[in-house]
Ligand code: ADP
Ligand code: MG
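Numbering (my numbering), first residue to last: 1 to 279.
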């Protein structure tokens, strides 16, 4: 891993600091449809520090999902550079990208993408199947991840037996089971009602409070207001970036304070304090 060196200013010794979670420079992405070029990203520069909670906003077609797919190492840019945790990933091949995804990234989408024939627990365990972890260890970690999202008691349920909010929480647990350092969520509340959305955001805030860097795409400004920083896209470019200068961990409102259901939800985040959440 590549670290930025910084002087501590006292005795001239240099110490190591963690690099930015995300650093992209002049990132572009073109899609090719026959002879037509679709320039989805036209030179994006962004730095996200470790532990930030950033909301990406902007109209449909402005390049948010394209950008998230690049951040999540699901796709490669046409040009430009991307350092993830200081590691240059923009030139990696697809096997290397798959390794990075597995080690560092948790990703959830608007559609929950759970396998319908598997239980919640089996869905959550899935990313560990190809790891070296033993069966017992995989099970323990999957149960713990379900417990973090307050769903340990639903471990044996199949997706069809769960509400939309619960399915998204299973998807979050599946994204967490590999202990990522970066959590990406592309419109995770797009299919959910507002109270359930608030519960999902409360979980993301809790994860962020535990040190996870979170990047969230949302259309809704009330959802974006729970982040430390709002970044706006238009026509493949960043046109606005607010909140960056005065970020403190306590700046945004805490979603769990907005309704009683969400408070119950938050309590259930503690693995030892499993509460029933009905949504
Ligand atoms: P957003 O998530 O902000 O709605 P997208 O990143 O999905 O925007 O899309 C940005 C632009 O790229 C749009 O013009 C869209 O039509 C185009 N686009 C996205 N994905 C593809 C693709 N796989 N092939 C061709 N064009 C695409
Ligand atoms: Mg999108």
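Just so you know, even glycine gets a beta-carbon here, dropped at the ideal spot from N, CA and C.
beta-carbon residue i near the ligand MG non-hydrogen atom, thresh 7 Å
i           : result
residue 64  : yes
residue 311 : A question about residue 311 goes unanswered here, because the residues of the chain that appear run from 1 up to 279.
residue 186 : yes
Through-space distance from residue j to residue i, alpha-carbon basis
i           : j           : result
residue 102 : residue 180 : 8 Å
residue 159 : residue 121 : 10 Å
residue 23  : residue 241 : 15 Å
residue 215 : residue 73  : 14 Å
residue 25  : residue 46  : 7 Å
residue 228 : residue 253 : 9 Å
residue 139 : residue 34  : 46 Å
residue 51  : residue 213 : 4 Å
residue 36  : residue 136 : 51 Å
residue 119 : residue 146 : 12 Å
residue 81  : residue 100 : 16 Å
residue 224 : residue 58  : 11 Å
residue 53  : residue 222 : 15 Å
residue 64  : residue 42  : 12 Å
residue 287 : residue 237 : Limits of the chain in this structure are 1 at one end and 279 at the other, which puts residue 287 out of reach.
residue 143 : residue 173 : 9 Å
residue 18  : residue 48  : 12 Å
residue 67  : residue 44  : 9 Å
residue 164 : residue 197 : 10 Å
residue 92  : residue 234 : 28 Å
residue 89  : residue 117 : 34 Å
Assigned exposure category for residue i - 16 Cβ within 10 Å defines buried
i           : result
residue 85  : buried
residue 115 : exposed
residue 206 : buried
residue 96  : exposed
residue 106 : buried
residue 209 : exposed
residue 113 : exposed
residue 123 : buried
residue 211 : exposed
Proximity test, residue i beta-carbon vs the ligand ADP heavy atom, cut-off 7 Å
i           : result
residue 233 : yes
residue 70  : no
residue 31  : yes
residue 106 : no
residue 40  : yes
residue 225 : no
residue 221 : no
residue 61  : yes
residue 34  : no
residue 58  : yes
Where the beta strand (DSSP E) through residue i begins and ends
i           : result
residue 28  : 22-33
residue 96  : Not the beta strand (DSSP E): residue 96 falls in the alpha helix (DSSP H), residues 94-104.
residue 132 : Where residue 132 is concerned, there is no enclosing beta strand (DSSP E), given that its DSSP letter is neither H nor E.
residue 45  : 36-48
residue 74  : Unbroken run through residue 74: none, as it is neither H nor E.
N- and C-terminal bounds of the alpha helix (DSSP H) containing residue i
i           : result
residue 66  : 64-71
residue 160 : Careful: residue 160 lies outside any alpha helix (DSSP H) and carries neither H nor E.
residue 224 : 221-224
residue 155 : Unbroken run through residue 155: none, as it is neither H nor E.
Three or more beta-carbon pairs under 8 Å between the segment 180-191 and the segment 205-221, yes or no?
-> With a cut-off of 8 Å, the segment 205-221 and the segment 180-191 count as touching, because enough Cβ pairs lie within range.
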